[in-house]
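First comes the structure, then the notes that go with it.
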Amino acid sequence: MDKENNVYKDSNIEIKENILKFSNHVIQLSNVSSVSISPMEKRKIPSELYIGAIAGLILLIYIPVLGIIVAGIAIFVILKIISDNNALGYYLKISVNSRENYYFNASERRFLSEIVNVMENCFNSTNPHITIDMKNSNIQYGDGNVFQSK
């Protein structure tokens, strides 16, 4: 789990009657205000990195070795942030009435859409018992009926 963003990786979600369970959390289904597919927020590139890259380029004129090191490090970190942002993808976002958001990652967006449909059915059903295996993209209905996303 990424505590900073409430991101749960490879977690199982269990829904039984009016309870939603995952990791060390138990939430009443009636307290869930929305379930959606959401892109994760992208990390911003700090302005200090741009300043470092420019300073490194200026240093190239006066102290070439130091200029290459400073500019190289700044440009490397900028490219790393851009690369990480491009790899974020989509997450299942569960919002509760307390304005807390929980994010779950999955290997593909289609599986996330299936989970949203399952959650919608759970909101309308009386006694659902569903286990969602985020790591293996499985949805298990009841005690043994498995739907595997491909």
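Heads up, the sequence shown is in this note's numbering, so the first residue is 39 and it goes up one at a time. Backbone N, C-alpha and C fix where the C-beta goes; we use that ideal spot for every residue, glycine too.
Residue i - DSSP class collapsed to helix/strand/coil
i: Ile101; result: coil
i: Asp171; result: strand
i: Ile120; result: helix
i: Lys188; result: Confidence at Lys188 is low in this model, with a pLDDT of 48, below 50, so the placement of that residue is unreliable and no value is reported for it.
i: Glu135; result: Checking the sequence shown, residue 135 turns out to be Asn, not Glu. Residue state, collapsed to three classes: coil.
i: Met39; result: Annotation note: pLDDT 45 at Met39 (below 50); position unreliable, coordinate value reported separately. DSSP places Met39 in coil when its eight states are reduced to three.
i: Asn56; result: coil
i: Phe145; result: Looking at the sequence itself, residue 145 is Ser, so the reference to Phe does not match. Three-state result, Ser145: coil.
i: Leu95; result: helix
i: Leu126; result: coil
i: Ile111; result: helix
i: Ile83; result: coil
CA nearest to the CA of residue i, picked from the options
i: Gly105; options: Tyr140, Gly90, Lys118, Lys131; result: Gly90
i: Ile60; options: Asn155, Ser49, Ala144; result: First, the residue type needs correcting, since residue 60 is Phe and not Ile in the sequence shown. Among Asn155, Ser49, Ala144, the Cα nearest to that of Phe60 belongs to Ser49.
i: Ile116; options: Glu158, Lys82, Ser151; result: Lys82
i: Lys80; options: Phe149, Ile119, Ile96, Tyr100; result: Ile119
i: Asn69; options: Val108, Ser121, Pro77, Asn139; result: Asn139
i: Gly180; options: Ile132, Lys131, His167; result: His167
i: Leu87; options: Leu98, Val108, Ala112, Ile53; result: Ala112
i: Ser145; options: Met172, Ile99, Met78, Asn62; result: Met172
i: Ser133; options: Ile65, Glu55, Ile53; result: Ile65
i: Pro77; options: Lys131, Ile101, Phe114; result: Lys131
CB of residue i within 8 Å of CB of residue j, strictly
i: Tyr129; j: Val45; result: yes
i: Val156; j: Ile177; result: yes
i: Ile57; j: Leu67; result: yes
i: Ser175; j: Asn135; result: no
i: Asn124; j: Lys47; result: no
i: Leu98; j: Ala109; result: yes
Residue-chain proximity (residue i, chain D), Cβ-Cβ < 8 Å
i: Tyr141; result: Going by chain labels, chain D is absent from the structure shown, which holds only one protein chain.
Rounded distance between the beta-carbons of residue j and residue i, thought under 8 Å
i: Ser151; j: Ile75; result: 7 Å
Exercise for the section: Assess, as a yes-or-no matter, whether the segment 154-166 is touched by the segment 81-99 under the definition of 3 or more beta carbon pairs within less than 8 Å. Expected result: Of all C-beta pairs linking the segment 81-99 to the segment 154-166, fewer than three are shorter than 8 Å, placing the two stretches out of contact.
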